[in-house]
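Undergrad:
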Amino acid sequence: MRYPLPVPDGVLSPATAELPAALGEHRAHFLARFGAGGGVRLFFSPGRVNLVGAHLDYNGGPVLPTAIDRGTFFAVRARADDRLTFASVLEKDVLSARVGDLPPAAQGRWFDYPLGVVRHLLRERERPAGIDVLFGGNLAVGAGLSSSASICVGTAFALDRVWGLGLDLLDLLAAALWGERSFVGVQCGIMDPYAVGLSRPGHLLWLDCKDGTFEHLPLPAGAFTIAVADTGVRRQLAQGEFNRRVTSCREIFARLGGYVDGATCLRDIPAAVVEEHASELDPPLLSRARHVTGEVERTFAARDALVAGDLERFGRQLTASHRSLRDLYEVSAPELDLLVESAVGRPGCLGARLTGAGFGGCAVILVRDGPREDLAADLAADFARAFGRRPAIFFFRGDGGPRELAVD
Ligand code: GLA
């Protein structure tokens, strides 16, 4: 079986061209599992990488992500009865329940994400017909590439189409966010669903998380390629650590917010105010606050550099962001630090940092367009020397959000 795509020991080429074939194969899995017949619809929802603006979304700051050309696959068919089934080619557990009798709380299983989305979509709505959904995909799960937003946004998008709910994209993103935040219980900000839902190929998404306004910033043609190196480290504690960072930021704002007129989130607190009141924060909180103020400045600097076409300066913001995440926000891991320091300074590398929440997962490496196999090989060799195994290294293209694919 070619699909799901194996995690490679080396370099993968961009996946866009493989998508129709992979979805065709996904449909074959659906038919084998749910029975032959027509009416199967196929959807794709991308993952994302965030280039700058790390841990700013839940602080109301700006972020600069893009969707990527790997993500979640959905094969969907409406049923004549009222049974809903969620199965996955990547997981054993199956959710099967009547549409009117869905579990009211998260079950600690992979399907909590799409289940939360469905519960939100069906609030105050007539119950639609039952549905069979087979999930799959070609995105590393739990690696900081937003597999969870990919599945949540894609579920909202696909079910809206199949059930004919007629929702607009922002409503779908709200359902995706509710699924992850309120149903599963991760205190994430708006960045991931927005990046998955609103990105455009050839652009980075400038998203201001204070008010949800966004803009598509064009990338100079052939500007850079995004390489992602997966440490293979998946920390069980990551979700708890992430929520702890969110709580710390709330606490900092509770202490300092009163010093700035009209401030509504930590992003509104300037660095000078943090320094003036440094003695009111214990050392870890002071470090977290310094990361946030520095990262807001770096994200604006990255935007200016991109608009000016200065890719070197743009890349330097990424690397500075990583060092701040490592030293001040303390969400890095030795494997990530090694990948970043090994990449930075090699010919062709513009900058690098951890992506996603951190604690493991992936490093994103901005590579000047051109031959790059050498860089990937050197990185993998450095990593193998230190940790005794090779990281998977992917090259991504930007992508354009969730969509239905007609596959022959
Ligand atoms: C995770 C969260 C996002 C964001 C990033 C850090 O990916 O889901 O909302 O906070 O971490 O930038």
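Using the working numbering, the letters of the sequence shown correspond one by one to residues 876 to 1283. By construction, the Cβ of each residue, glycine as well, lies at the ideal position given by its N, Cα and C atoms.
Consult DSSP for S888 and reduce its assignment to one of helix, strand or coil.
TA: Reading the sequence shown from its first residue, position 13 is the one you call residue 888. Note on S888: pLDDT 43, under 50, position unreliable in the model; no value is reported.
Undergrad: One question on the structure: do W985 and S963 come within less than 8 angstroms of each other, judged by their Cβ atoms?
TA: Translated into the one-based positions of the sequence shown, residue 985 becomes position 110. Translated into the one-based positions of the sequence shown, residue 963 becomes position 88. Closer than 8 angstroms, so yes.
Undergrad: Quick one: using the 10 Å Cβ neighbour count with 16 as the cut-off for buried, is S971 buried or exposed?
TA: For the purposes of this step, residue 971 is taken as the residue at position 96 of the sequence shown. Its Cβ having fewer than 16 others within 10 Å, S971 is exposed.
Undergrad: Check the Cβ-Cβ distances between S1199 and every residue of chain B, and say whether any is below 8 angstroms.
TA: Of the protein chains in this structure there is only one, and it is not chain B.
Undergrad: Beta carbon of Y933: closer than 7 angstroms to some heavy atom of the ligand GLA?
TA: As a working mapping, residue 933 is identified with position 58 in the sequence shown. Yes, the ligand GLA has a heavy atom inside 7 angstroms of this Cβ.
Undergrad: Would V1239 pass as a contact of L1225 if the rule is Cβ separation under 8 angstroms?
TA: Sequence index remark: in the sequence shown, residue 1239 carries index 364 (1-based). Sequence index remark: in the sequence shown, residue 1225 carries index 350 (1-based). Between V1239 and L1225, the CB-CB gap reaches or exceeds 8 angstroms.
Undergrad: Measuring CB to CB, does G1276 end up less than 8 angstroms from P921?
TA: Here residue 1276 corresponds to residue number 401 of the sequence shown, with the count starting at 1. Here residue 921 corresponds to residue number 46 of the sequence shown, with the count starting at 1. Yes, they are a contact pair.
Undergrad: How big is the Cα-Cα spacing for L1211 and L1079?
TA: Counting from one through the sequence shown, the residue named residue 1211 turns up at place 336. Counting from one through the sequence shown, the residue named residue 1079 turns up at place 204. For L1211 and L1079, the distance between alpha carbons rounds to 23 angstroms.
Undergrad: Beta strand (DSSP E) containing C1224: first to last residue?
TA: On the sequence shown, position 349 is the one that residue 1224 refers to. Looking at the DSSP string, the run of the beta strand (DSSP E) that includes C1224 is C1224 to L1229.
Undergrad: Which residues mark the beginning and the end of the beta strand (DSSP E) in which G922 is found?
TA: Sequence index remark: in the sequence shown, residue 922 carries index 47 (1-based). Note, G922: beta strand (DSSP E), R916 to N925.
Undergrad: On the criterion of 16 or more Cβ atoms from any shown chain inside 10 Å, does R877 qualify as buried, or is it exposed?
TA: Residue 877 sits at position 2 when you count from the first residue of the sequence shown. Confidence at R877 is low in this model, with a pLDDT of 38, below 50, so its placement is unreliable and no value can be given for it.
Undergrad: Between which two residues does the beta strand (DSSP E) carrying F1099 extend?
TA: Here residue 1099 refers to the residue found at position 224 of the sequence shown. Run containing F1099: F1099 to D1105, per the beta strand (DSSP E) assignment.
Undergrad: Considering only residues of the same chain and omitting the five flanking positions on each side of P895, which have a CB-CB separation below 6 angstroms?
TA: Along the sequence shown, read from residue 1 onward, the residue named residue 895 stands at position 20. Answer for P895: V1282, listed in chain order.
Undergrad: Which residues in the same chain as V951 place their Cβ atom closer than 6 angstroms to its Cβ, once the five residues preceding and following it in sequence are excluded?
TA: To locate residue 951, count along the sequence shown from 1; it is residue 76. These residues qualify, in order along the chain: R916, V1008, A1033 and V1037.
Undergrad: Please return the same chain residues whose Cβ sits closer than 6 angstroms to the Cβ of V1132, not counting the five positions on each side in sequence.
TA: Start at 1 with the first residue of the sequence shown, and residue 1132 comes out as number 257. A small correction: the amino acid at residue 1132 is Gly; Val does not occupy that position in the sequence shown. Here the set comprises A1138.
Undergrad: On the three-state DSSP scale, how would you describe E1279?
TA: Numbered from its first residue, the sequence shown carries residue 1279 at position 404. E1279 falls in the strand class under three-state DSSP.
Undergrad: Would you tell me roughly how many angstroms separate the C-alpha atoms of D1274 and R945, rounded to the nearest one?
TA: Within the sequence shown, numbered from 1, the residue matching residue 1274 stands at position 399. Within the sequence shown, numbered from 1, the residue matching residue 945 stands at position 70. Rounded to whole angstroms, D1274 to R945 spans 8 angstroms at the Cα level.
Undergrad: L1241 by DSSP, collapsed to three states: which one?
TA: In the sequence shown, the residue the question calls residue 1241 occupies position 366. L1241: strand per DSSP, three-state reduction.
Undergrad: In terms of residue numbering, what span does the beta strand (DSSP E) encompassing P1093 cover?
TA: The residue labelled residue 1093 in the question sits at position 218 within the sequence shown. Run containing P1093: T1088 to P1093, per the beta strand (DSSP E) assignment.
Undergrad: Check whether the Cβ atoms of E1097 and D1244 sit closer than 8 angstroms, and answer yes or no.
TA: Start at 1 with the first residue of the sequence shown, and residue 1097 comes out as number 222. Start at 1 with the first residue of the sequence shown, and residue 1244 comes out as number 369. In the sequence under discussion, the amino acid at residue 1097 is Gly, which differs from the Glu named in the question. Yes; because the gap between Cβ atoms is below 8 angstroms, this pair is in contact.
Undergrad: May I ask you to check if the CB of C1063 is nearer than 7 angstroms to at least one heavy atom of the ligand GLA?
TA: Translated into positions along the sequence shown, residue 1063 becomes position 188. C1063: yes, Cβ under 7 angstroms from the ligand GLA.
Undergrad: For I1006, which residues does DSSP report across the bridge?
TA: Mapped onto the sequence shown, residue 1006 falls at position 131. Looking at the DSSP assignment, I1006 forms a beta bridge with A953 and L959.
Undergrad: Expressed to the nearest angstrom, what Euclidean distance is found between the alpha-carbon atoms of H904 and G1054?
TA: Counting from one through the sequence shown, the residue named residue 904 turns up at place 29. Counting from one through the sequence shown, the residue named residue 1054 turns up at place 179. Rounded to whole angstroms, H904 to G1054 spans 26 angstroms at the Cα level.
Undergrad: Using only the alpha-carbon positions, how far apart do G1041 and L1047 sit?
TA: As a first step, residue 1041 must be located in the sequence shown, where it is residue number 166. As a first step, residue 1047 must be located in the sequence shown, where it is residue number 172. Taking the straight line joining both Cα atoms gives about 10 angstroms.
Undergrad: Near R958, what residues of its chain come up, given a Cβ to Cβ distance below 7 angstroms and the 5 sequence neighbours on each side ignored?
TA: In the sequence shown, residue 958 corresponds to position 83, counting from 1. The residues are S971, R973 and G1005.
Undergrad: Within 10 angstroms of the Cβ of L887, are there 16 or more other Cβ atoms? Answer buried if so, exposed if not.
TA: What you label residue 887 is simply residue 12 of the sequence shown in a count that begins at 1. Low confidence applies to L887: its pLDDT is 44, below 50, so where it sits in the model is not reliable enough to give any reading.
Undergrad: Using the beta-carbon count (16 or more within 10 Å), is V969 buried or exposed?
TA: Here the question's residue 969 lines up with position 94 in the sequence shown. Burial state of V969 is exposed, judged by a 10 Å Cβ sphere holding fewer than 16 other Cβ atoms.
Undergrad: Looking at the ligand GLA, does it come within less than 7 angstroms of S1021, judged from the CB to the closest heavy atom?
TA: Position 146 of the sequence shown, counted from the start, is the residue given in the question as residue 1021. Yes; taking the cut-off as 7 angstroms, the Cβ of S1021 has a heavy atom of the ligand GLA nearer than that.
Undergrad: Between the segment 1205-1219 and the segment 1173-1181, do three or more beta carbon pairs fall short of 8 angstroms?
TA: no
Undergrad: Whole angstroms is fine: what's the gap from L906's alpha carbon to A1195's?
TA: As a first step, residue 906 is located in the sequence shown; it is residue number 31 there, counting from the start. As a first step, residue 1195 is located in the sequence shown; it is residue number 320 there, counting from the start. So the two alpha carbons sit approximately 49 angstroms from each other.
Undergrad: Does the Cβ of D1179 lie closer than 7 angstroms to at least one heavy atom of the ligand GLA?
TA: As a position in the sequence shown, residue 1179 is number 304, starting the count at 1. No, since every heavy atom of the ligand GLA falls outside the 7 angstroms radius drawn around the Cβ of D1179.
Undergrad: When the Cα atoms are used, what is the spatial distance from Q1192 to C1027?
TA: Working through the sequence shown from its first residue, we reach residue 1192 at position 317. Working through the sequence shown from its first residue, we reach residue 1027 at position 152. Distance between the alpha carbons of Q1192 and C1027: 30 angstroms.
Undergrad: Is it right to say V1206 is buried, meaning 16 or more other beta carbons lie within 10 angstroms of its own, or is it exposed?
TA: For the purposes of this step, residue 1206 is taken as residue 331 along the sequence shown, with counting starting at 1. That one is buried.
Undergrad: DSSP state of F1234, grouped into three classes?
TA: Here residue 1234 refers to the residue found at position 359 when the sequence shown is read from its first residue. If DSSP states are grouped into helix, strand and coil, F1234 belongs with coil.
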